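>
In the working numbering, the protein residues as written are 5 to 1191.
#1: So, helix, strand or coil for residue 1174, using DSSP?
#2: Along the chain, where does the beta strand (DSSP E) that runs through residue 297 open and close?
#3: Among residues of its own chain, excluding the 5 on either side of residue 353, which ones have a beta-carbon nearer than 8 Å to its beta-carbon?
#4: Go through the stretch 855-895 residue by residue and report every complete run of the beta strand (DSSP E) that reaches 3 residues or more, in order.
#5: Give every residue of the same chain whose Cβ lies closer than 7 Å to the Cβ of residue 1160, excluding the five residues on either side of it in the sequence, and list them in chain order.
#6: Straight-line CA distance for residue 683 to residue 674?
#7: Considering only DSSP beta bridges, list what residue 259 is partnered with.
#8: When the Cα atoms are used, what is the spatial distance from residue 723 to residue 717?
#9: For residue 812, collect the residues of the same chain with a Cβ closer than 7 Å to its Cβ; drop the 5 residues on either side in sequence, then sort them by chain order.
#10: Assuming contact is defined by CB atoms lying nearer than 8 Å, are residue 956 and residue 798 in contact in what I supplied?
#11: Do residue 48 and residue 77 have their CB atoms nearer than 8 Å?
#12: Does the distance from the CB of residue 1021 to the CB of residue 1088 come in under 8 Å?
#13: Shortest alpha-carbon distance to residue 1030 belongs to which of 1023, 1049 and 548?
#14: Taking all protein chains shown into account, decide if residue 622 is buried (16 or more other Cβ within 10 angstroms of its Cβ) or exposed.
#15: When you compare only the Cα positions, how much space is there between residue 337 and residue 90?
#16: Which value, in whole angstroms, describes the spacing of the CA atoms of residue 296 and residue 147?
#17: Assign residue 374 to one of two classes, buried (16 or more other C-beta atoms within 10 Å of its C-beta) or exposed (fewer than that).
#18: Residue 126 to residue 107, Cα distance in whole Å?
#19: On a CA-only basis, which of 360, 896 and 1121 is nearest residue 1112? Give me that one, please.
#20: Is it true that the CB of residue 774 sits closer than 8 Å to the CB of residue 576?
#21: Between the Cα of residue 1062 and those of 252, 658, 191 and 967, spot the shortest distance and give me the residue it belongs to.
#22: Within 10 angstroms of its Cβ, does residue 767 collect 16 or more other Cβ (buried), or is it exposed?
#23: Might you give, ordered along the chain, the residues of its own chain that have their beta carbon closer than 8 Å to the beta carbon of residue 364, omitting 5 neighbours on each side?
#24: Return the chain-ordered ranges of every alpha helix (DSSP H) run that is complete within the stretch 1085-1110 and spans a minimum of 4 residues.
#25: Find out if the Cβ-Cβ distance for the pair residue 1011, residue 832 is shorter than 8 Å.
#26: Less than 8 Å between C-beta atoms, sequence neighbours within five positions excluded: which residues of the same chain meet that for residue 562?
#27: What residues in its chain sit with their C-beta under 7 Å from that of residue 329, if we drop five residues either side in the sequence?
#28: Which residue's Cα is closest to the Cα of residue 356: 927, 83 and 1132?
#29: Leaving out five residues before and five after residue 977 in sequence, what residues of the same chain have Cβ atoms less than 8 Å from its Cβ?
#30: Spell out the partners DSSP gives residue 623 in its beta bridges.
#31: Between the alpha carbons of residue 55 and residue 161, how many angstroms are there, rounded?
#32: Could you check whether residue 636 and residue 285 sit closer than 8 Å to each other, using their CB atoms as the reference points?
#33: Beta-carbon within less than 6 Å of residue 1151's beta-carbon, same chain only, minus the 5 sequence neighbours each way: which residues are those?
#34: Would DSSP call residue 672 helix, strand or coil?
#35: On the three-state DSSP scale, how would you describe residue 1012?
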C-alpha cells in the first residue's frame, strides 16, 4: 500500500514567495509519516513490501526476513519521488495549479495558438546558465508515455540562480504526454575535474496528445478552432522540434517503454525518427545517441551497457546500427528496470541504473565539449542562443522543411575574438590609421611609419577604367612624382620631430620606417585582423546565399562568389595599407599582416567547396567541406512515418538520400594570397567589385572596402564606413550607384549650439496624453513643428509610434490623437476564439496583422533614413535572441558602432518596422519578426527612454551642452498592480508601465551636464481621482475622453511652462564670437536654428528688447549694443557688441509664448566663461541664477 498526503493543501504563494527554496519533495517527506501497520511515525521503508517501517515494525517478526530491503525513507523518496509522482501528490487540492505553473514556467519554446509560430517561452531569457558556462545540451525525445519526463526529473539540478525546476511525470501506465511544446531544465556532469552544467530539453511526446492537457477543456467548446490548429501544431511537434533538437543537442536520449523482445519495433521507430530529424544539410556536428529502454522486466545481465548495446543490435538489427551510425557520433543502449515490480531486486537495480545513466550522459557531454573546443566551435551562450533563434525563424516559415544551416549561417559558430582573447590572454589595442606619434607609458613598441602612399603604376590606374578618379581619391594617389615629394617632405619633418622628442634615443631610418632602437615594433592588433577577415568572409557568404536562392548549383555558387570576393581583395588591400600608413615595398610581396588575413579567409572559404561524391551514382552530395559528416542529397524520396499520419501528410515525408562516406572536394582550393600576388604582378586584370551582384544592408561590413563596420546609410541601400562615404562627399562610392545622403546637421558642426532632446514614455492608448502635451507645446510656440524644436527624439512603445508619426508624416500632435482613437478601434479587437484562448496565456490578446495594417495606413511605408531630414528619431525595442533581454534601437540617423553593438542599431528598415518592434508588448501582441530576429516592446527595459537618449547624446555629440531635455509621461495613476498581473508575460520581465519610470528620470540626474528645472523637465498628467484604471488597451469612449482631457489638466503645469520657455530660447544660439583688443569689445551674432520665424515672433523681436546680456556672477545687466532687423522670410541674424565684458556672460531670451509665460531662460551656448586671452569659451549649466 502506497501512502499519500492527506489534508495538506498546496498553497501557490509558497512557490511565488520562495521560488528558490520551496521543494515539493521535501513537503512530501515532511507530511507522509504514518506506518501502515501501527499508524505511528516511520523513518524507514521496506522496498519489498512497499510499506513504511516504524520502530515497532523494525522489531516485528515479519520484518526480520526483509532486513536487507529496509532503507531510510528519505533515500527511498529520493529514488521514487518522480516515478510515483502522481500517487505521492494526489491528495494536494491544488496540485494541478502547481503542475501547470511548473510546466508554463519551464517552457523554452511555446507554440502560439493564434499566430501559428514558435515563440520564446519564459525559460528562454533565464535558461539557467551563467555567462561563463559553456553552452551544452542533452535533448530527450520519445513517444508519449515512455517515461521521458520521469527520467529527466531525476537528472535535474539547481540552475545558476539556485532554483530547482522539474518536469511533470505522467501517471504510471498513462500514454498521454505531460510535457507540451519544449521545456528546459539544468543538469550537471559527474566525476570530472571540471563540473559542467548542461541544458536538458524535454520535448513533447511524439505521436501522443495533439492538444496539451491545458486545452482539453477548450476542445469541446471550440471544436472548429482547435481542429484547425491541430494540423499545424502536429508539424511542429512531430517534425520541427525533433529537427531542432538534433541540431542543437550534444547528446540525444530516445526513451521507450516495452519488452526487449520488441526491439525490432523500437529500432524501426528510431530509424523513422532519424529520417525526420537528420536530413539537415550542412550540419557540422552529430549528437551522441542514447537509447533508453524504460520499465523493462529484464535480468541483471542487461544492466551492463556493453552487453545491452551488443544484444540490441545483434542479428537482424545489425543493418539498423549501420544506418544509425551515419547520423550519430556514438550509440549506447541502457535499460531501466521496472521499479513498480517487487521482483528482480528492481528498486536497487533502478538506483544503480539511474546513476549509470547520469555517468554515461556526463561522459558524452564531456566528449562533445572537447570536440567543439578542438574544431573551434563557439561555446558562448549568446552565440548559441542566436543560432537557435535563426533556426526557429526558418522553422516558423517552413515547419515541414529541413533548414540548410550553411544558408542560415548556423552550421558552425566560430569562436568569437573575445573567447580567443580570454583563452590566449590576448590584450591588444587596435591600431588605427594615424600619422601622430604615440607616446607609450610602458616599455612596448613605438613605431613611426612614413606617410608613403602605396605605389600604383599607370597600368593599374588605367585598368580601373571609368572609376579612375574615384579609385585614386579613395587610396590617396595622384601621380608618382607627387607621392615621392610628399615622402621627402614628411620624412624630413618626422625625423626632426623625433630628434626633438627623443634626444636620448638613437634613431635609425630603415626601409621607410623611423625606428627607436630600444623598442619593439607594434603590429596591427589581432582583433583588428580578425575583424577584417570576418568582413571578407561575410561578403563571400552573402554572395553565396544570394546565388543559392536564385537556383544556382553549389558549384556555381562557390565559383561566382569566389570571383566576386577576388574582385574586392585588390582594392581592399590598398585601402588597408593606406588606412594603416603602411608602405608597399614592392609589387610582389604582400604585407605580412594582410597575408594572415587572406590565409584565414581562404581557409574559411574552402569549407564551402562542395563534395563531388554521388549517392547511388545518381545524386550529388550537397554537404560542404566544413560541414560534412556524411553524404546527403538535395533530391528526396518519400518514406512512410507512422506517427506523422495526423500531420496532414498521410504518414509520408520527403526524406533526402543519405550515404556514409568521406568528403571529396569537387574543386581546387583557392588561395587569395596567390591571387593577390598575381594581381600585384599583372594588375591589368582587375575587375569591378559590383559587376554582377549587389550586397546591401549589411550590418557587418562596409560594402566598399570590407575593412570597417558600416555607419553611413545611403538612399541606394548601401551602407558604408565613414572613410568610404567621405571619399566622394555625399555620393555613394559603389560602382553604378547614384545614392546620396546628408548625414550631418547644423548642430553637428556648430560648437556653441547645444542639443535639444525629447523622450516619450510607453503606455498603449495612453499615448493620447503625450499627444495632448505636444499639441500644447506646438500651439504655445506658434505652430512650429515639434521636429524643428528638438534635435533628438527617442520614444518607447506608444511613444515610439508618436515619434515615427511626427517624422514620417506631416501630422501634427492633434492629428495623431485621432490616429490613436482609430487604432483603439481597429487594433484592440480580437475574435471570440482568440480572446478565449488568450485567457490561458496560449496566445496574445491581439493579432499583429491588424496593427500592421493600421500603422501602414497612418504612417505609410517610409524608410527610416528618409525621415532624417526632419530630425534624429529613435525608438527602443528589446530582443531575446541571445537568451536575455537586450536593448535594440531603430534609428533614422548614422551612428558609430563597434563589433559588440553591430546588431543593436537598425537604420535600414521602414518606419512601420520600427513602430511594430517598439510596440510588441508581451501578452498583447506577438513579437515582431525582422530579418528572422524577434523584437519585443521597448518598455521591457526602457519604458522611460531618458537614459537611452542621454547615451545617444553622448555618442553623437560627446560633451556638448544639453540646452533642453523634455521627458513626457502617459499619465500618473493611483492603480496598484496585483500579484497576479503579467504572471506569465515574457519571463516576468515586462516592467510595470504605471510605475518605475521615475527611477530612470532620477538616475538621469546623476549626470553632470543636466539639472532639473534648469535644462531638464519631466511632464506628466495626474489621473489620481479615477475610480477605475485606464488599461493600455482600453478602447472605451469614456476612457478616451478622459485621456483627451489632458489638454485642460496640463494648464498651469509649472514644468510645462518652464519647458516651453527653454525650448523657445533654445531656438537661438550664440555664434562667431570675436575679441577686439583695441576697443576692448566682444562681438558676436545671435542666430536662429530656423530658416524663418513665425510672424508673431518676428514682431516681438522687432518691437521689443528680445535679448538681455547678464553678468551671472554678480547678477546684473551688462551694457551691450544690438542691431535688430529681422524679416519673416529670412534667417534671423542679430549682431551684438559688449564693451569691457565680464568673465562670465549669459544671454537671456525675453521672447514669450502664446500664453505670455514670463521668460528669462538662456539661449543656446549660454552661459559661458571667457578665458584670459578671450579666444575660447566654455559653456556651463546655469544653476539658481535669476535674471
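Using N, Cα and C, we set each Cβ at its ideal position, and we do this for glycine too. All figures in this text were calculated on a predicted structure; none of them were measured in a lab.
The relevant details are as follows:
#1: Strand at residue 1174.
#2: For residue 297, the enclosing beta strand (DSSP E) stretches over residues 292-300.
#3: If you ignore the 5 residues before and after residue 353, its C-beta comes within less than 8 Å of the C-beta of 304, 307 and 341, all in its own chain and listed in chain order.
#4: Counting whole runs of 3 or more residues, the stretch 855-895 contains the beta strand (DSSP E) stretches 876-883 and 890-895.
#5: The answer is none, since no qualifying residue turns up.
#6: Using only the alpha carbons, I get a separation of about 14 Å.
#7: In the DSSP output, where bridge partners are listed per residue, residue 259 has 146 and 296.
#8: When rounded, the separation of the alpha-carbon atoms in residue 723 and residue 717 is 5 Å.
#9: Result list for residue 812: 863, 864, 866, 871 and 915, in chain order.
#10: With contacts defined by Cβ atoms closer than 8 Å, residue 956 and residue 798 form a contacting pair.
#11: In contact: residue 48 and residue 77 (Cβ atoms closer than 8 Å).
#12: The criterion of a C-beta distance shorter than 8 Å is not satisfied by residue 1021 and residue 1088.
#13: Closest by C-alpha distance to residue 1030, out of 1023, 1049 and 548, is 1049.
#14: With fewer than 16 other Cβ atoms inside 10 Å of its own Cβ, residue 622 counts as exposed.
#15: Going by the C-alpha atoms only, they are around 28 Å apart.
#16: Cα to Cα, the separation comes out at about 12 Å.
#17: Per the 10 Å Cβ criterion, exposed.
#18: Approximately 10 Å, taken between the alpha carbons.
#19: Selected option, being the one with the closest Cα: 1121.
#20: One thing to note: residue 576 has its Cβ no nearer than 8 Å to the Cβ of residue 774.
#21: Of 252, 658, 191 and 967, the residue nearest in Cα terms is 967.
#22: Its Cβ being crowded by 16 or more others within 10 Å, residue 767 is buried.
#23: Correct list, in chain order: 294, 309, 336 and 338.
#24: Here the runs fully enclosed are 1099-1107.
#25: No, they are not a contact pair.
#26: Excluding its 5 nearest sequence neighbours in each direction, residue 562 has C-beta neighbours in its own chain below 8 Å: 548, 612, 613, 614 and 671, listed in chain order.
#27: Here residue 329 has 335 as same chain residues with Cβ atoms under 7 Å from its own Cβ, once five neighbours each way along the sequence are excluded.
#28: For residue 356, the closest of 927, 83 and 1132 by C-alpha to C-alpha distance is 83.
#29: Correct list, in chain order: 998, 1027, 1028, 1030, 1033 and 1034.
#30: Per DSSP, 619.
#31: Approximately 28 Å, taken between the alpha carbons.
#32: If you check the CB distance, residue 285 and residue 636 come in under 8 Å.
#33: The beta carbon of residue 1151 lies closer than 6 Å to those of 1111, 1113, 1167 and 1170 in the same chain, with the five residues before and after it left out.
#34: Correct three-state label for residue 672: coil.
#35: In the structure shown, residue 1012 falls within a coil segment according to DSSP collapsed to helix, strand and coil.
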